[in-house]
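Trainee: Numbering (UniProt numbering), first residue to last: 62 to 407.
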Ligand code: ADP
Ligand code: MG
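#1: On a Cα-Cα basis, can you pick out the residue from 194, 210, 187, 216 that is closest to residue 202?
#2: Assuming the contact rule is C-beta atoms closer than 8 Å, residue 252 and residue 357 should be a hit. Round their C-beta distance to whole Å, please.
#3: For my contact list, residue 351 and residue 311 are in at a C-beta cut-off of 8 Å; report their separation, rounded to the angstrom.
#4: Thinking just about the alpha-carbon of each residue, which of 225, 192, 180 is nearest to the one in residue 204?
#5: What do you reckon, are the CB atoms on residue 109 and residue 130 nearer than 9 Å?
#6: Are the beta-carbon atoms of residue 256 and residue 112 separated by less than 9 Å?
#7: I need the DSSP call for residue 387, collapsed to helix, strand or coil.
#8: Buried or exposed: which applies to residue 227, given that a residue is buried once 16 or more other Cβ atoms fall within 10 Å of its Cβ?
#9: Count the other CB atoms within 10 Å of the CB of residue 303; is the residue buried (16 or more) or exposed (fewer)?
#10: Could you tell me if residue 198 is buried or exposed, where buried requires 16 or more neighbouring beta carbons within 10 angstroms of its beta carbon?
#11: Using the rule of at least 16 other Cβ atoms within 10 Å of the residue's Cβ for burial, across every protein chain shown, is residue 307 buried or exposed?
#12: With a cut-off of 8 Å on the beta carbons, I'd call residue 94 and residue 117 a contact; round off their distance for me.
#13: Any idea which residues DSSP pairs residue 257 with across the strands?
#14: Is the beta carbon of residue 353 closer than 9 Å to that of residue 278?
#15: Determine the DSSP secondary structure at residue 134, reduced to helix, strand or coil.
#16: Which residue or residues does DSSP assign as beta-bridge partners of residue 358?
#17: Relative to the C-alpha of residue 121, which candidate in 91, 76, 66 has its C-alpha closest?
#18: Of all residues in the structure, which have a C-beta closer than 6 Å to any heavy atom of ligand 2, taken in chain order?
#19: Does any heavy atom of ligand 1 sit closer than 8 Å to the C-beta of residue 189?
#20: Three or more beta-carbon pairs under 8 Å between the segment 137-147 and the segment 258-278, yes or no?
#21: Determine the DSSP secondary structure at residue 276, reduced to helix, strand or coil.
#22: Where does residue 338 land, buried or exposed, given buried means 16+ other C-beta within 10 angstroms?
#23: Output the residue ranges of the alpha helix (DSSP H) runs that lie fully inside the segment 194-228 and measure 4 residues or longer, sorted by chain position.
#24: Looking at the unbroken alpha helix (DSSP H) that takes in residue 244, where does it start and where does it end?
#25: Distance check for residue 151 and residue 87, CA to CA, integer angstroms please.
#26: Just the Cα atoms here: how many angstroms apart are residue 82 and residue 343?
#27: Comparing alpha-carbon positions, which option in 68, 325, 293 lies nearest residue 391?
#28: With DSSP as the reference, label residue 291 as helix, strand or coil.
#29: I believe residue 248 touches residue 214 by the beta-carbon criterion, under 8 Å. Please report the beta-carbon distance rounded to the nearest angstrom.
#30: Quick one: which unbroken beta strand (DSSP E) runs of 3-plus residues sit fully inside the segment 154-188? Chain order, please.
#31: Which residues share a DSSP beta bridge with residue 353?
#32: Helix, strand or coil, according to DSSP, for residue 5 in the structure here?
#33: Give a yes or no on whether the C-beta atoms belonging to residue 296 and residue 381 are separated by under 9 Å.
#34: Tell me whether the beta-carbon of residue 159 lies closer than 9 Å to the beta-carbon of residue 280.
#35: Keeping to the same chain, check which residues put their C-beta closer than 7 Å to that of residue 361; ignore five residues upstream and five downstream.
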């Protein structure tokens, strides 16, 4: 009989490998957006336009003015484990690009229809490939595009209906997409971002200073710019910069907490706790401080390669990082505000 158990061992076809792995790399439209934005930034883009249709399920489009991809490299860009960002384990140890696994575009092409059009500034015109879900990339065709890259992801997960079933409504998926865009925009204030949702421009953040970008993105939920305090600290190979909200700017939800490690948004329970602890009795009840903090650390002292989504990191010396963050936050709060019960300083 042809039961799974009686089948001989066989190596899976590449496409199937990509489709299986795609579930890990691309969980939902927001993860596709994240990968595409990181690629645009790794390519040095200064202007990025994002179009989201039906929560990103019907269509996602990212247009960047980065360095583009040469014609002969287009098929490689879509090949699994092909990357221009690392070439050795030594490179991985000190990687500073946002991507390095060479999986994102291949994964998207495995579970959606993907079109990739690109033009390096030196090229006379661009080239385009249009890949059907789970198929080989056809030969590139000439395309009239400005310098940079245009990627379109159409009908995400149409090839893997089981995954599609786990997604939420288009409105919720669109909100997740915007969360991702906000995080990336916070860590790249010098880049312009324009977001269209279902044909309408919903966000436009021109290139600006770090402080202004944080005020726009972290302050808009009720924490005005004057309620954001500067943080700045340094210890050995660690530096911490950013802004954090005064206690009265704290929110009922932890949705305005942004921590970046070497420019990458991360979730870190230990550091979130350290920050909360630094606020201590200045926060009443279930209130969450708002912050956008940027930790810079020698890349050999942190491992970002914990999970494909890279939102988790491991520090070589977590205690040292915790110490710096706790005291920096405490300092920022302490110099700006008297401790409760101490009265006014002047
Ligand atoms: P990774 O980013 O991990 O290298 P990806 O699958 O995301 O893997 O991208 C594969 C390669 O395609 C990248 O290494 C890069 O050379 C190229 N690439 C992808 N997107 C862009 C872009 N927007 N602009 C320029 N090159 C790109
Ligand atoms: Mg990438």
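For glycine and all other residues, C-beta sits at the position ideal for the given N, C-alpha and C.
Given the structure is predicted, the values throughout are model-derived calculations rather than measurements.
Mentor: Looking at the coordinates:
#1: Mapped onto the chain shown, residue 202 falls at position 141. Considering only alpha carbons, the answer is 187.
#2: Translated into positions along the chain shown, residue 252 becomes position 191. Translated into positions along the chain shown, residue 357 becomes position 296. The pair is not a contact, with the Cβ atoms about 18 Å apart (cut-off 8 Å).
#3: Translated into the one-based positions of the chain shown, residue 351 becomes position 290. Translated into the one-based positions of the chain shown, residue 311 becomes position 250. The pair is a contact, with the Cβ atoms about 7 Å apart (cut-off 8 Å).
#4: Walking along the chain shown from the start, residue 204 turns up at place 143. Sorting 225, 192, 180 by C-alpha distance to the C-alpha of residue 204 places 180 at the top.
#5: Here the question's residue 109 lines up with position 48 in the chain shown. Here the question's residue 130 lines up with position 69 in the chain shown. Not closer than 9 Å, so no.
#6: In the chain shown, residue 256 corresponds to position 195, counting from 1. In the chain shown, residue 112 corresponds to position 51, counting from 1. With respect to the 9 Å criterion, residue 256 and residue 112 are classified as neighbours on the basis of their beta carbons.
#7: On the chain shown, residue 387 is found 326 positions in, with the first residue counted as 1. In the structure shown, residue 387 sits in a helix (DSSP, three-state: H, G or I).
#8: Residue mapping note: residue 227 aligns to position 166 of the chain shown, counting from 1. Exposed: under 16 other Cβ atoms inside 10 Å.
#9: Numbered from its first residue, the chain shown carries residue 303 at position 242. When all chains shown are included, residue 303 counts as buried.
#10: Taking the chain shown and counting its residues from 1, one reaches residue 198 at position 137. Counting the other CB atoms within 10 Å of its CB gives residue 198 a total of 16 or more, which places it among the buried residues.
#11: What you label residue 307 is simply residue 246 of the chain shown in a count that begins at 1. Answer is buried; the Cβ neighbour count reaches 16.
#12: By one-based count along the chain shown, residue 94 stands at place 33. By one-based count along the chain shown, residue 117 stands at place 56. Between residue 94 and residue 117 a beta carbon distance of about 7 Å is seen, short of the 8 Å cut, so the two are scored as contacting.
#13: The residue given as residue 257 occupies position 196 in the chain shown. Answer is 112, 262, bridged to residue 257.
#14: Stepping through the chain shown from its first residue, residue 278 is reached at position 217. Stepping through the chain shown from its first residue, residue 353 is reached at position 292. For residue 278 and residue 353, yes; Cβs fall inside 9 Å.
#15: On the chain shown, residue 134 is found 73 positions in, with the first residue counted as 1. Assigned with DSSP and collapsed to three states, residue 134 falls in helix.
#16: Your numbering for residue 358 matches position 297 in the chain shown. DSSP lists 299 as partners of residue 358.
#17: Counted from its first residue, the chain shown places residue 121 at position 60. Nearest neighbour of residue 121 by Cα position, chosen from 91, 76, 66, turns out to be 91.
#18: Those satisfying the condition are, in chain order, 96, 99, 100, 160, 165.
#19: What you label residue 189 is simply residue 128 of the chain shown in a count that begins at 1. Because no heavy atom of ligand 1 lies under 8 Å away, the Cβ of residue 189 does not count as near it: no.
#20: The answer is no - the segment 258-278 does not touch the segment 137-147, with fewer than three Cβ pairs under 8 Å.
#21: Taking the chain shown and counting its residues from 1, one reaches residue 276 at position 215. Helix.
#22: Looking up residue 338 in the chain shown gives position 277. If you draw a 10 Å sphere on the C-beta of residue 338, you find fewer than 16 other C-beta atoms in it, and that means exposed.
#23: Segments of the alpha helix (DSSP H) lying fully in the segment 194-228: 222-226.
#24: Translated into positions along the chain shown, residue 244 becomes position 183. Boundaries of the alpha helix (DSSP H) around residue 244: 231-247.
#25: Start at 1 with the first residue of the chain shown, and residue 87 comes out as number 26. Start at 1 with the first residue of the chain shown, and residue 151 comes out as number 90. Put simply, the backbone Cα of residue 87 is about 27 Å away from that of residue 151.
#26: As a working note, residue 82 is residue 21 in the chain shown. As a working note, residue 343 is residue 282 in the chain shown. Rounded to whole angstroms, residue 82 and residue 343 show a C-alpha spacing of 45 Å.
#27: In the chain shown, the residue the question calls residue 391 occupies position 330. Taking only the C-alpha atoms, the option nearest residue 391 is 293.
#28: By 1-based counting over the chain shown, the position of residue 291 is 230. Of the three classes helix, strand and coil, the one that applies to residue 291 here is strand, per DSSP.
#29: Against the chain shown, residue 248 aligns to sequence position 187. Against the chain shown, residue 214 aligns to sequence position 153. Wrong, their Cβ atoms sit about 23 Å apart, outside the cutoff.
#30: Runs found: 174-180.
#31: Counted from its first residue, the chain shown places residue 353 at position 292. The partner list for residue 353 (beta bridge, DSSP) reads 304, 319.
#32: Residue 5 cannot be examined here, being either before or after the span of the chain that is shown, 62 to 407.
#33: Position 235 of the chain shown, counted from the start, is the residue given in the question as residue 296. Position 320 of the chain shown, counted from the start, is the residue given in the question as residue 381. Against a cut-off of 9 Å, the Cβ pair of residue 381 and residue 296 comes out as a contact.
#34: For this step, residue 159 is matched to residue 98 along the chain shown. For this step, residue 280 is matched to residue 219 along the chain shown. The answer is no: Cβ separation not under 9 Å.
#35: To locate residue 361, count along the chain shown from 1; it is residue 300. So the list reads 154, 155, once near-sequence residues are dropped.
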